[in-house]
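**Student:** Take a look at this one; I'll ask things after.
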Amino acid sequence: MHLIKALPVAFCHVQDAAIPPPKQLIPWARALDVGSILCHPRFMRELSIEELEAQADFLRSLNSITITSGTVDRSMSALFEKYQIPITNLYSTSEFGGGLSAKVPPYTHLRPGPRGPPLVLPISEPDSDGSRQVQLWHTVATSPHLAHFHARGGALLKFEPFPGEGPHKGELAVNTDDIFQEVPDGESAVAYIFLGRGDDIIMVGYAYINASQLETEFTSMVDARWRDGSKRRWMLDAVQLFGNTKPYMVLVVQLCPSAQEGGNVEQEILEELHDAVERVNEELALGPLSVDPKRRMLVITSEGEAYGPNAESVRGLRLEVTHKHSLRRWRNVRTFQTWLDELGDGDGEGAERIDMNIIH
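Each residue of the sequence shown is one higher than the one before, counting from 1 in UniProt numbering.
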């Protein structure tokens, strides 16, 4: 029983949380005659356009669809808007007693709830459009939940003085360790676009880059191409950018079969992935930080196949993810470290030019 809304709740059992069966989401919802759905974005992301079109009326008939514990990217937001499927993109942490949400398009733009916005700590200079990258903090003084945890003790939360300026400077607070793009918004003055975790920031040469931003942009671009169903033999399973302390960046793309057949990845698919990398390089204006898809990109499958430079040495390796399908970023670095070292520095092109201290 949902204690707040007094509604019955059904939990659908997934045998392997790291490999959710997205095609069962709608059959489950219909069979259980549900009024609402709350799920990870991956369940929705892996629905093809044909499936989404066929189920649009049913999805629109639900009382609510809440997507949480993951990123709603631009392509997913655009599809919900196109088919007029209302959703709530919820970024929430129960320990803080609230969060951010997007209930109107674009669903990438999260807005503060009735408790108001958390404390904002800028980590970049404002861009020409007024946007900036920030981290969000919650103080003991402004969050009854945190005050309770602090008084009780024993909570796995790191309390530290808020380092920002203003009346709350120095107050005990907790940092979510997430990074957002704060953008001007007509509805609530500002909105927040989730960019990634603090440990998603990697240093390449002397430059800092948000790995999650590139990974999300790449995923969104590939999803937009593959959603039409014509190339649904493969789906993106995980994407991770590597490059910490190296003079170049490396992208590892993990695919899983959309059905049972699996097999070899077609050359056409590999070329489309290469092209998507090139487009992301241009879209994010990465310049010397660009990923070279021919020399610095590896495509692996859930069945252990590998395509790319020195692919033989990584057959059978996988990108590890959590139960929420978030990357185990540093564990993956250890897994692929030998292969990364074997790539070498190549001709070093761009290494001399990577001397700016920026976060894209």
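We put the beta carbon where it would ideally sit given N, CA and C, even for glycine. The structure presented is a predicted model; accordingly, all values stated were derived computationally and were not measured.
Please report the straight-line C-alpha distance between W226 and V140, rounded to a whole angstrom.
**Tutor:** Sequence index remark: in the sequence shown, residue 226 carries index 226 (1-based). Sequence index remark: in the sequence shown, residue 140 carries index 140 (1-based). C-alpha separation (whole angstroms): 46 Å.
**Student:** Using only CA atoms, which one of S48, I65 and A31 lies nearest to R233?
**Tutor:** For the purposes of this step, residue 233 is taken as the residue at position 233 of the sequence shown. Comparing Cα-Cα distances from R233 to each of S48, I65 and A31, the minimum goes to S48.
**Student:** For the stretch 298-318 and the stretch 206-219, state whether three or more C-beta atom pairs, one from each stretch, are separated by less than 8 Å.
**Tutor:** no
**Student:** What did DSSP end up calling M356 once you bin it into helix, strand or coil?
**Tutor:** In the sequence shown, residue 356 corresponds to position 356, counting from 1. For M356, the pLDDT reaches just 28, beneath the cut-off of 50, and the residue's location in the model is therefore unreliable, leaving the point undetermined.
**Student:** Tell me whether F242 counts as near the ligand NAP, meaning its Cβ is closer than 8 Å to at least one heavy atom of that ligand.
**Tutor:** For the ligand NAP, the structure offers nothing, since it holds no ligand at all.
**Student:** Does the Cβ of F180 have 16 or more other Cβ atoms within 10 Å, making it buried, or fewer, making it exposed?
**Tutor:** Mapped onto the sequence shown, residue 180 falls at position 180. Classification of F180: buried, given that the 10 Å Cβ count is 16 or more.
**Student:** Evaluate N89 with the Cβ neighbour count: other Cβ atoms within 10 Å of its Cβ, from every protein chain shown; 16 or more gives buried, anything less gives exposed.
**Tutor:** Here the question's residue 89 lines up with position 89 in the sequence shown. Classification of N89: buried, given that the 10 Å Cβ count is 16 or more.
**Student:** Identify, in the order they occur along the chain, each residue of the same chain with its Cβ nearer than 8 Å to the Cβ of S101, setting aside the five sequence neighbours on each side.
**Tutor:** Residue 101 sits at position 101 when you count from the first residue of the sequence shown. Hits under 8 Å: T88, N89, L90, Y91, S92, L110, R111 and G113.
**Student:** Report the start-end ranges of each beta strand (DSSP E) in the stretch 154-238 that is 3 residues or longer and not cut off at the edges.
**Tutor:** 172-175, 178-185, 189-197, 201-204 and 207-210
**Student:** Spatial neighbours of C39 within its chain, please: C-beta separation below 7 Å, excluding the five flanking residues on both sides.
**Tutor:** The sequence position of residue 39 within the sequence shown is 39, counting from 1. Contacts found: L25 and I67.
**Student:** For the alpha helix (DSSP H) containing I26, name the first residue and the last one.
**Tutor:** Translated into positions along the sequence shown, residue 26 becomes position 26. I26 -> alpha helix (DSSP H) spans L25 to A31.
**Student:** Taking the C-alpha atoms as reference points, what is the distance between Q267 and D275?
**Tutor:** Position 267 of the sequence shown, counted from the first residue, corresponds to residue 267. Position 275 of the sequence shown, counted from the first residue, corresponds to residue 275. Those two C-alpha atoms are separated by around 12 Å.
**Student:** Along the chain, where does the alpha helix (DSSP H) that runs through V277 open and close?
**Tutor:** As a working mapping, residue 277 is identified with position 277 in the sequence shown. Q267 to E283 is the extent of the alpha helix (DSSP H) around V277.
**Student:** Tell me the rounded alpha-carbon separation between T301 and R318.
**Tutor:** For this step, residue 301 is matched to residue 301 along the sequence shown. For this step, residue 318 is matched to residue 318 along the sequence shown. About 8 Å.
**Student:** Exposed or buried, T71, counting other C-beta atoms within 10 Å across all chains shown (16 or more means buried)?
**Tutor:** Translated into positions along the sequence shown, residue 71 becomes position 71. Buried, because 16 or more other Cβ atoms sit within 10 Å of the Cβ of T71.
**Student:** What distance in whole Å lies between the Cβ atoms of R329 and Q240, which are believed to be in contact at a cut-off of 8 Å?
**Tutor:** Walking along the sequence shown from the start, residue 240 turns up at place 240. Walking along the sequence shown from the start, residue 329 turns up at place 329. Yes, Q240 and R329 are in contact; Cβ-Cβ is about 7 Å, under 8 Å.
**Student:** Throw me the rounded Cβ distance for the residue 374 and A56 pair, which I believe falls under 8 Å.
**Tutor:** The structure shown has nothing for residue 374, since the chain only spans 1 to 360.
**Student:** Is the CB-CB distance between R42 and H325 below 9 Å?
**Tutor:** Mapped onto the sequence shown, residue 42 falls at position 42. Mapped onto the sequence shown, residue 325 falls at position 325. In contact: R42 and H325 (Cβ atoms closer than 9 Å).
**Student:** Taking the beta carbon of R60 as the centre, do at least 16 other beta carbons fall within 10 Å, making it buried, or is it exposed?
**Tutor:** Stepping through the sequence shown from its first residue, residue 60 is reached at position 60. Exposed: under 16 other Cβ atoms inside 10 Å.
**Student:** Determine the extent of the beta strand (DSSP E) in which I87 is found, giving its start and end residues.
**Tutor:** Sequence index remark: in the sequence shown, residue 87 carries index 87 (1-based). No beta strand (DSSP E) contains I87, which DSSP labels as neither H nor E.
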